[in-house]
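Visitor: In UniProt numbering, the protein residues as written are 1 to 562. Heads up, the beta-carbon is just placed ideally off N, CA and C, and yes, glycines get one too. Here it is, the structure in full.
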Amino acid sequence: MKIEEILAVKHLSVEFQTSDGKKQVVKDVSLSLRQGEVLALVGESGCGKTVLCRSILKLLPKSASVTGEAIQYKDQNLIGYNEKEMQQIRGQGIAMVFQDPQSTLNPTMTVGSQMEEAILLHEKALNQKKREKDFEKNKKKSAKERAIELMKLVGIKDAEQRYDLYPYHFSGGMRQRCVLAIALASNPKLLIADEPTTALDVTIQAEILKLLKKLQKELNLSILFITHDLGVVAQIADRVAVMQDGNIVELEEAKQLFTAPKHSYTKKLLHDHPYYMHRNESKLISESELHEKLVEISHLSYFYPLDRKRVFQAVKDVSFEIRRDEIFGLVGESGSGKSTVGKCLMGILNPEAVTFSYDGINLLDKKAKKKNARRLQKERQMIFQDSTSSLNQKMKVEKILAEPLEIHKVFSDKKEQHDFLCEMMEEVELQEEQLHVWPPELSGGQRQRVAIARAFAMKPKLLIADEPIASLDVTTQAQMVKLFRHLQREHDCAILFIAHDLSMVRLLCDRVGVMKDGKLVEIGETEQVFEHPQHLYTKKLLEAIPIPEISGEEQSDEETMA
């Protein structure tokens with residue numbers, strides 16, 4: 001029996017009016033989604049995935065022009081629908097979940113009230129046969145009951161108690177569950193999930209993927225799942241559409257695509273995945289040599305003040321060292337204390353410790369820190385996850401790179417400084433002409449390359465990289481890993497690489513430390529930790545890594561909710 005198609009996009013194109021003229025970002029795309037199926041739409045950042053999906057729900061700005069034969073939802077062609085008609089489709093027919101739950105949820109409203117609001121928006125249509133008076137009397141009670149029911153459905157424990165909490169009381173994974181519950185409030189038949197797990201650590205990502213599969217089966221839900229990670233695709237998709245430069249270049253059953261990809265771009269995406277890079281390009285990884293210690297930490301703790309009386313201990317009695325010329329990985333879930341350790345090393349936070357030294361300087365001694373302040377500023381550099389906020393949007397790239405050099409008076413001659421910056425741009429694989437552009441004109445990967453160039457321009461001895469590639473697509477991540485390794489060798493520095501993506505850590509780092517709830521639970525040579533993990537938590541993290549291969553075993557419907 002032929003499975004019914006719930007969505008059919010036919011010859012869809014989208015172009016934007018820009019200052020440089022018209023730019024086409026979706027080019028004559030056709031695809032279909034069957035009832036109860038998960039179709040993954042995969043490709044690099046900027047390939048048109050999100051624009052395609054937003055065009056289905058008509059959520060694009062006025063500068064966008066959408067043309068095509070059809071956007072067929074069931075028996076309705078949405079291509080000519082106006083805003084009022086689309087309001088009947090959004091939510092009840094097609095719902096959408098976005099990448100960042102923090103920006104999706106209203107921070108001033110409780111989670112429960114936001115769910116009630118979504119339910120009540122569609123309640124009248126579902127209760128139109130009832131008398132208006134009865135509806136008004138019972139709607140608040142029924143909406144709350146339905147909201148609690150939805151919270152339980154998406155795996156939020158103690159739903160009744162958490163109903164009146166605000167989004168900031170929830171972890172990233174729990175916030176994403178709340179967004180899912182709101183999306184399901186009106187019983188949609190089709191869910192569009194736009195990178196819903198990209199910002200989550202591996203264990204939470206695994207839980208959300210299992211939850212989506214569970215909901216798909218229980219509700220007979222169709223899901224259009226947007227991602228750049230083929231490892232995630234392998235865990236959830238029935239079929240896969242691969243998108244490149246606005247075109248669908250391959251559309252196959254998931255098993256067929258992973259075992260015998262046809263298009264060269266699909267093969268490249270698989271090749272660039274860290275799982276395969278580790279296998280095929282293990283020669284990139286060199287054994288850590290026993291150099292003298294650059295950083296020595298013993299029994300380090302840090303307390304964040306909550307109010308005048310209460311504190312929260314983010315780091316608990318941590319001890320490790322970083323050797324010269326090595327890349328030391330620090331991994332763990334969100335909230336484990338990784339970034340706090342990095343900020344302590346950078347001098348942003350002042351921790352408590354028995355030993356806390358950098359290159360012979362006692363960082364617990366205020367006089368020693370003050371005496372060496374200039375040197376510490378120059379030799380310790382940091383790269384952050386979000387290049388958009390770490391680069392001044394009102395300064396051109398050359399000024400951004402030149403600013404720290406001028407503060408430390410590295411060059412007296414402007415031409416010499418400019419020539420050096422051109423060399424740095426070449427080293428991070430950017431064009432000299434890009435010195436004269438503004439950060440918003442660059443892609444996410446290019447902005448992060450500028451941040452890397454700024455850090456390495458200071459010739460640091462220690463680089464602290466805090467989730468520097470987490471927000472980038474897999475292909476760009478692979479390029480960044482190679483760049484970090486190359487620059488580390490060329491500039492002869494140590495790197496503290498903070499991450500939640502264990503695949504990238506294995507590819508890049510010489511040694512690795514695993515953090516859980518503020519404690520360092522395991523430390524060792526990278527291959528030793530990955531091949532023979534000692535701690536149960538390390539094993540849990542490794543088991544949660546999404547592998548770009550289709551398992552022969554049917555996934556269990558059972559779910560362990562966190």
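Using a Cβ-Cβ cutoff of less than 6 Å, which residues in the same chain neighbour Pro546 once the five nearest sequence positions on both sides are dropped?
Guide: Excluding positions up to five away in sequence, the list reads Gly231, Val232, Gln235.
Visitor: In whole angstroms, give me the CA-to-CA distance for Tyr302 and Leu364.
Guide: The straight-line gap from Cα to Cα measures roughly 13 Å.
Visitor: Could you give the DSSP three-state label for Pro533: helix, strand or coil?
Guide: If DSSP states are grouped into helix, strand and coil, Pro533 belongs with coil.
Visitor: Restricting to Cα atoms, I'd like to know which of Pro274, Lys459, Glu398 is closest to Cys493.
Guide: Cys493 has its Cα closest to that of Lys459, out of Pro274, Lys459, Glu398.
Visitor: One question on the structure: do Val111 and Arg162 come within less than 8 Å of each other, judged by their Cβ atoms?
Guide: In contact: Val111 and Arg162 (Cβ atoms closer than 8 Å).
Visitor: State the start and end residues of the unbroken alpha helix (DSSP H) segment that holds Phe312.
Guide: Run containing Phe312: none in the alpha helix (DSSP H); it sits in the beta strand (DSSP E), 311-323.
Visitor: Among Cys47, Leu430, Gln393, which has the Cα closest to the Cα of Gln244?
Guide: Out of Cys47, Leu430, Gln393, Cys47 has the C-alpha closest to the C-alpha of Gln244.
Visitor: Would you decide whether His11 is buried or exposed? Buried here means 16 or more other CB atoms lie within 10 Å of its CB.
Guide: His11 comes out exposed.
Visitor: CA-CA distance, Glu549 and Thr259?
Guide: Cα to Cα, Glu549 sits roughly 8 Å from Thr259.
Visitor: Any contact between the segment 454-472 and the segment 495-504? By contact I mean 3 or more CB pairs, one from each, below 8 Å.
Guide: As far as the Cβ criterion goes, the segment 454-472 touches the segment 495-504, which means the pair count is three or higher.
Visitor: On a Cα-Cα basis, can you pick out the residue from Leu472, Ser103, Ile322 that is closest to Pro167?
Guide: Closest option to Pro167, Cα to Cα, is Ser103.
Visitor: Starting from Ala8, follow its DSSP beta bridges and name the residues at the other end.
Guide: Answer is Ser32, Gln72.
Visitor: If I follow the unbroken alpha helix (DSSP H) through Arg447, where does it start and stop?
Guide: From DSSP, the alpha helix (DSSP H) with Arg447 extends over 444-456.
Visitor: So which of Gly444, Glu292, Gly445, Cys422 has the shortest CA-CA distance to Leu435?
Guide: It is Cys422.
Visitor: Tell me which residue opens and which closes the beta strand (DSSP E) that Val514 is part of.
Guide: Run containing Val514: 511-516, per the beta strand (DSSP E) assignment.
Visitor: Extract the residue ranges of the beta strand (DSSP E) inside the segment 321-375, only unbroken runs of 3 or more that lie entirely within it.
Guide: As far as the segment 321-375 is concerned, its whole beta strand (DSSP E) runs of at least 3 residues are 327-331, 355-358.
Visitor: Report, in whole angstroms, the separation of the C-beta atoms of Ile204 and Gly246, which I expect to be a contact under 8 Å.
Guide: Wrong, their Cβ atoms sit about 32 Å apart, outside the cutoff.
Visitor: Which class does Ser389 belong to by DSSP, given the choice of helix, strand or coil?
Guide: Here Ser389 sits in helix by DSSP.
Visitor: Here's a check: name, in chain order, each residue in its chain whose Cβ is nearer than 8 Å to the Cβ of Ser45, leaving out the five neighbours to either side.
Guide: His228, Ser443, Gly444, Gly445, Leu472, Asp473, Thr476, listed in sequence order.
Visitor: Phe312: buried (16+ other C-beta within 10 angstroms of its C-beta) or exposed?
Guide: So Phe312 counts as exposed.
Visitor: Could you tell me the alpha carbon to alpha carbon distance between Arg489 and Ile464, rounded to whole angstroms?
Guide: Approximately 16 Å, taken between the alpha carbons.
Visitor: Which runs of the alpha helix (DSSP H), 4 residues or longer, sit entirely within the segment 147-195?
Guide: If we require 4 residues or more, the alpha helix (DSSP H) runs fully inside the segment 147-195 come out as 159-162, 172-183.
Visitor: Tell me the residue span of the beta strand (DSSP E) that contains Arg524.
Guide: First, the amino acid is wrong: residue 524 is Gly here, not Arg. It spans 519-525 - the beta strand (DSSP E) in which Gly524 sits, taken as one unbroken run.
Visitor: Quick check on His532: buried or exposed, where buried means 16 or more other Cβ atoms within 10 Å of its Cβ?
Guide: Answer is exposed; the Cβ neighbour count stays below 16.
Visitor: Look at the alpha carbon of Glu289 and the alpha carbon of Glu321, and state the distance between them as a whole number of angstroms.
Guide: For Glu289, the predicted structure reports a pLDDT of 48, less than 50, and the residue's modelled location is therefore unreliable. A value from the coordinates is still provided. Distance between the alpha carbons of Glu289 and Glu321: 14 Å.
Visitor: For Leu57, report the span of its beta strand (DSSP E) as first-last.
Guide: Note, Leu57: premise wrong, no beta strand (DSSP E); not H, not E.
Visitor: Around the Cβ of Val331, are there at least 16 other Cβ atoms within 10 angstroms (buried) or fewer (exposed)?
Guide: Val331 should be labelled buried.
Visitor: May I have the straight-line CA-CA distance separating Lys23 from Ser55, to the nearest angstrom?
Guide: Taking the straight line joining both Cα atoms gives about 15 Å.
Visitor: Could you check whether Val450 and Leu507 sit closer than 8 Å to each other, using their CB atoms as the reference points?
Guide: Result no, Cβ atoms of Leu507 and Val450 do not sit closer than 8 Å.
Visitor: Decide if the segment 72-83 is in contact with the segment 262-271; the criterion is three or more beta carbon pairs, one per stretch, under 8 Å apart.
Guide: Judged by Cβ distances under 8 Å, the segment 72-83 makes no contact with the segment 262-271, as fewer than three pairs qualify.
Visitor: Tell me the rounded alpha-carbon separation between Lys217 and Arg447.
Guide: Looking at the two C-alpha atoms, the distance is approximately 41 Å.
Visitor: Grab me the residues of Ile148's own chain with a C-beta within less than 7 Å of its C-beta, minus the 5 sequence neighbours each way, in chain order.
Guide: Once the five neighbours on either side are set aside, the close Cβ partners of Ile148 are Ala159, Glu160, Tyr163.
Visitor: Just tell me which of Val514, Gly518, Leu520, Lys519 has its CA closest to the CA of Val529.
Guide: The shortest C-alpha separation from Val529 is found at Val514.
Visitor: Find the nearest neighbour of Lys316 within the set Gly337, Arg375, Asn106, Gln114, judged by alpha-carbon distance.
Guide: Per the Cα distances, Gly337.
Visitor: Just the Cα atoms here: how many angstroms apart are Gln377 and Thr355?
Guide: Rounded to whole angstroms, Gln377 to Thr355 spans 20 Å at the Cα level.
Visitor: Quick one: using the 10 Å Cβ neighbour count with 16 as the cut-off for buried, is Ser65 buried or exposed?
Guide: Its Cβ having fewer than 16 others within 10 Å, Ser65 is exposed.
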